[in-house]
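In our numbering, the protein residues as written are 153 to 483. Each residue gets a CB set at the ideal place from its N, CA and C atoms; glycine is no exception. Here the structure is a predicted model, which is why all the values come from computation and not from measurement. Quick notes on the structure that follows.
Right, dumping it as structure tokens:
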């Protein structure tokens, strides 16, 4: 009888967790019928956790079933588990020096590489690092280009060849673009090839930020977080890993004029090639052809997004961690 009661109690607890209701934030704005194949009719933006200072870089860890994300201002990587809730995963996460270092010293963009290791863009230590999720410390993937120190790596993605692409704006420097410790004039986009060689592949963007590859890896998308040129750019990826001439994939200027403020920040793609970019009053959902299908309108600034295998799109938005259920999945 005791075993039956224990089993019943366990099943009730599991059901309570699976049926947990989260508070919601903002709304879905549907602009094109094609959005019906991406978002369910009654999809809502759920708030999973709050009270942060500036959330960034969500990444789902398949082995373990949990999400990692940065708080750049708290120099912390947090962990969110569907049943265990919120905990601190790593601190310090982006600055390991003494004293203070600007207002965003922590890690920013995060990914898991092809080996299952955590790759982090570190503002304070001005580098791209890699570390196993357990049983080992960090190694530096890149902290300089042509013997000059990087500014503050912001976001990163990995090609199936093993190469990385990452952006390097000034946001993590204590004095931003006016910081006296800057050594590189351009706010560039870089490629780390499988041998570790760092190459500057873009040098003419004002504020390169989010970065993602299309599912076929033929296009690299860059979100430019510049209010005067709020573009999502698209660059053809050449066989040798270099990039061809870029084009404007989506221009947010008209949205900004409508009061839907903020230039693009982080972005991601799904298996069908749709592009999800923060900016324009929340998060925009774009077709592979660059057509705006719909918006997630949030009441706060959004920074980044990524998928989990079960189709949830996780969104970092200032002091919130959010998600929305979709009908698609990560690429």
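**OP:** Report the option in 257, 310, 301, 297 whose CA atom is closest to the CA atom of residue 282.
**Re:** 310
Original post:
Can you list the alpha helix (DSSP H) stretches of 4 or more residues lying completely in the segment 264-293, in chain order?
Top reply: none
Subject >> Buried or exposed by the 16-neighbour rule on C-beta atoms within 10 Å, applied to residue 185 >> reply: exposed
**OP:** Express the C-alpha separation of residue 346 and residue 299 in angstroms, rounding to a whole number.
**Re:** 19 angstroms
Original post:
Does the segment 249-264 come close enough to the segment 203-218 that 3 or more CB-CB pairs lie under 8 angstroms?
Top reply: yes
Original post:
From residue 431 to residue 458, what does the alpha carbon distance come to, in whole angstroms?
Top reply: 15 angstroms
Subject >> Contained beta strand (DSSP E) runs [length at least 3] in the segment 295-342, N- to C-terminal order >> reply: 308-310, 316-319
**OP:** Let me know if residue 174 comes out buried or exposed under the rule of 16 or more other beta-carbons within 10 Å of its beta-carbon.
**Re:** exposed
Subject >> Close Cβ partners of residue 164 (< 6 angstroms) along its chain, the five nearest in sequence each way excluded >> reply: A caution first: residue 164 carries a pLDDT of 38, below 50, which makes its placement in the model too unreliable to give a value.
Original post:
What residue range is occupied by the uninterrupted alpha helix (DSSP H) comprising residue 405?
Top reply: 405-409
Original post:
Under three-state DSSP, which class holds residue 388?
Top reply: strand
Original post:
Which of the three DSSP states, helix, strand or coil, is assigned to residue 469?
Top reply: strand
Original post:
Since residue 376 is in the beta strand (DSSP E), which residue starts that stretch and which ends it?
Top reply: 371-376
**OP:** Starting from residue 429, trace the beta strand (DSSP E) both ways and give me its first and last residue.
**Re:** 427-431
Subject >> Member of 219, 466, 467, 460 whose CA lies at the smallest distance from the CA of residue 483 >> reply: 460
**OP:** With a threshold of 16 other CB atoms inside 10 Å of the CB of residue 274, please say whether the residue is buried or exposed.
**Re:** buried
Original post:
So is residue 172 buried or exposed if we call it buried at 16+ other beta carbons inside 10 Å?
Top reply: exposed
Subject >> Residues of its chain near residue 291, where Cβ-Cβ distance is below 8 angstroms and the 5 sequence neighbours each way are ignored >> reply: 281, 282, 283
Original post:
Buried or exposed: where does residue 305 fall if 16 or more other Cβ atoms within 10 Å of its Cβ makes it buried?
Top reply: buried
Original post:
What three-state label does DSSP hand residue 155 in the structure shown?
Top reply: The predicted model places residue 155 with a pLDDT of 45, which falls under 50 and marks its position as unreliable; any figure quoted below should be read in that light. If DSSP states are grouped into helix, strand and coil, residue 155 belongs with the helices.
**OP:** Might you give, ordered along the chain, the residues of its own chain that have their beta carbon closer than 8 angstroms to the beta carbon of residue 248, omitting 5 neighbours on each side?
**Re:** 276, 277
**OP:** Let me know the secondary structure DSSP gives residue 167 once reduced to three states.
**Re:** Here the model assigns residue 167 a pLDDT of 40, short of 50, so the residue's position is not dependable and the matter cannot be decided.
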